[in-house]
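Chemist: Position one of the sequence shown corresponds to residue 6 (our numbering), numbered consecutively onward. All C-beta atoms in this analysis are idealised placements derived from N, C-alpha and C, irrespective of residue type, glycine included. Take this structure first; my questions come after.
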Amino acid sequence: MRRHGAANELSLLLVDHPGFDPLTGRHGGSRLAEIHVPLSRWLDYLLTRADVDSHRIAIYGDGLGAAYATQAAKHDDRFVAAVCDGGLWEAKERAFAVRRISGGVAPNVGNRMVSPSHVDSKSLAALSWLTLIGESDFAAVEDVEDIRILNLRSGLNHDLKVFTDEETASAPGQVDNPTLAKEFAFDWLRRQLKSTMRAPTKSEDAFDC
6 MRRHGAANEL SLLLVDHPGF DPLTGRHGGS RLAEIHVPLS RWLDYLLTRA
56 DVDSHRIAIY GDGLGAAYAT QAAKHDDRFV AAVCDGGLWE AKERAFAVRR
106 ISGGVAPNVG NRMVSPSHVD SKSLAALSWL TLIGESDFAA VEDVEDIRIL
156 NLRSGLNHDL KVFTDEETAS APGQVDNPTL AKEFAFDWLR RQLKSTMRAP
206 TKSEDAFDC
């Protein structure tokens, strides 16, 4: 992660999100507060530094952190770009809840993605999202594409990169070729943040978002 950031002239603050302890579990409180309040405080810290450009701050949620990155980007407009799940996890949870509540009475209820809840889309107009997914990922590519369409219809800027089995990085979490995924994501971030340095990348021909 640090190598890819440096290659694109980007500084990183690496954070292991708190409150995710499988031994002690959660200690009450709002899950939403657990997610975006700490992230906002980290932003507060960054903005106290003279070497941080407040107009060029992005968030990268790696692995399961992609869902946290979505929540953080939605609730703090100081982020200008996010590598995240675009609301997929939340939409899955909402679809599951609809299925349970309906009890299977209504046909096809919960079979398709339910639009993730967003704050006013106007407040997210300047925010760009990138979601990475592989053909052999746990999540279905079709579900991710549905979420992207819903987001685009809401006026959000949402790019999607689907890694094919042929180009690799198509396994869950891109574990089969994490370098390719990171190169793609950081090249996208560099362009969104308008970094002046052009870093060589093997994923140059992989852009389809």
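Pull up the distance between the alpha-carbon of Gly92 and that of Asp56, whole angstroms please.
Modeler: Approximately 31 Å, taken between the alpha carbons.
Chemist: DSSP beta-bridge partners for Thr136?
Modeler: Leu165, per the DSSP bridge assignment.
Chemist: Might you give, ordered along the chain, the residues of its own chain that have their beta carbon closer than 7 Å to the beta carbon of Val20, omitting 5 neighbours on each side?
Modeler: Excluding sequence neighbours, Val20 sits near Trp47.
Chemist: Going by Cα to Cα distance, which pick from Leu52, Gly68 and Ala72 is closest to Arg61?
Modeler: Checked all of Leu52, Gly68 and Ala72; the closest Cα to Arg61 is Leu52.
Chemist: Using a 10 Å radius around the Cβ and a threshold of 16 neighbouring Cβ atoms, would you call Ile64 buried or exposed?
Modeler: The residue is buried, with at least 16 neighbouring Cβ atoms inside 10 Å.
Chemist: Report the option in Lys166, Asp170 and Leu157 whose CA atom is closest to the CA atom of Phe191.
Modeler: Phe191 has its Cα closest to that of Lys166, out of Lys166, Asp170 and Leu157.
Chemist: The beta strand (DSSP E) spanning Ile64 covers which residue range?
Modeler: Taken as a continuous stretch (DSSP letters only), the beta strand (DSSP E) holding Ile64 covers Ala63 to Tyr65.
Chemist: What do you reckon, are the CB atoms on Leu137 and Gln179 nearer than 9 Å?
Modeler: Yes. Within cutoff.
Chemist: Which of the three DSSP states is assigned to Ala87 in this structure?
Modeler: Note: Ala87 maps to strand in three-state DSSP.
Chemist: May I have the straight-line CA-CA distance separating Met6 from Leu69, to the nearest angstrom?
Modeler: Using only the alpha carbons, I get a separation of about 16 Å.
Chemist: Anyone know if the C-beta pair for Leu155 and Phe168 falls short of 9 Å?
Modeler: Going by C-beta atoms, Leu155 is not nearer than 9 Å to Phe168.
Chemist: Provide the residue span of the alpha helix (DSSP H) that contains Arg7, from first to last.
Modeler: Unbroken alpha helix (DSSP H) run through Arg7: Arg7 to Ala12.
Chemist: Note down, in chain order, each residue of its chain lying with its Cβ closer than 7 Å to the Cβ of Asp170, except the 5 sequence neighbours on either side.
Modeler: Counting only Cβ-Cβ distances below 7 Å, and skipping sequence neighbours, we find Glu140 and Ser141.
Chemist: Gly160: buried (16+ other C-beta within 10 angstroms of its C-beta) or exposed?
Modeler: The residue in question, Gly160, is exposed, as its Cβ has fewer than 16 Cβ neighbours within 10 Å.
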